[in-house]
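*Asks:*
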Amino acid sequence: MAMRDSASCIFCRIARGEIPADIVHEAERLIAFRDVSPQAPEHILLIPKEHVPSVDHLTDPDAVLAGELLIAARDIARRLGVSDSGYRLVTNIGPDGGQSVGHLHLHLLAGRSLSWPPG
Ligand code: AMP
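According to the working numbering, the residues represented by the sequence shown are 15 to 133, in order.
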């Protein structure tokens, strides 16, 4: 399958190294970097390097990629030392989900007690 890509997408540009980011983890098919506007003491974004607009755009063959994102989040949480204190993984989808960047990303939030339900 051809590499999914978007020339103008800001997260594709981070994945290509065209714009700087505070990268905390990189693997063959994904990258993780610090959110530029952190909402918790630890706020990491995990993205597939390929341009997938949101979870709603995942295809069945993306199941492994989706799993890789979760496993990477687990590993990053362990490395940050927040596995025991806890953390939250969030992915916003579309306008009602509050998605502002149209490239699938997991938010990993940690380092403080997070309220529920979300606003
Ligand atoms: P969402 O609203 O779920 O689409 O989340 C997008 C996130 O991307 C927000 O938390 C932004 O602060 C973050 N963000 C946007 N641009 C950048 C950037 N260049 N580097 C790091 N994080 C970014």
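The beta carbon of each residue, even a glycine, is placed where N, CA and C say it ideally should be.
Can you name the start and end residues of the alpha helix (DSSP H) that Ala-54 belongs to?
*Replies:* As a position in the sequence shown, residue 54 is number 40, starting the count at 1. Where Ala-54 is concerned, there is no enclosing alpha helix (DSSP H), given that its DSSP letter is neither H nor E.
*Asks:* If contact is defined by three or more beta carbon pairs under 8 angstroms, each pair taking one atom from either stretch, is the region 68–85 in contact with the region 24–31?
*Replies:* Contact fails: fewer than three Cβ-Cβ distances are below 8 angstroms.
*Asks:* Going by beta-carbon coordinates alone, are Gln-53 and Leu-123 separated by less than 8 angstroms?
*Replies:* Here residue 53 refers to the residue found at position 39 of the sequence shown. Here residue 123 refers to the residue found at position 109 of the sequence shown. Their beta carbons are under 8 angstroms apart, which means Gln-53 touches Leu-123 by this criterion.
*Asks:* Helix, strand or coil, according to DSSP, for Ile-37 in the structure here?
*Replies:* For the purposes of this step, residue 37 is taken as residue 23 along the sequence shown, with counting starting at 1. Strand, per DSSP.
*Asks:* Scan the region 42–113 and note each continuous alpha helix (DSSP H) run of 4 residues or more that stays entirely inside, going in chain order.
*Replies:* For the region 42–113, whole alpha helix (DSSP H) runs of length 4 or above, ordered along the chain, are 77–94, 108–111.
*Asks:* Kindly indicate which residue of Val-66, Asp-110, Asn-106 has the alpha-carbon position closest to the one of Leu-79.
*Replies:* On the sequence shown, position 65 is the one that residue 79 refers to. Taking only the C-alpha atoms, the option nearest Leu-79 is Val-66.
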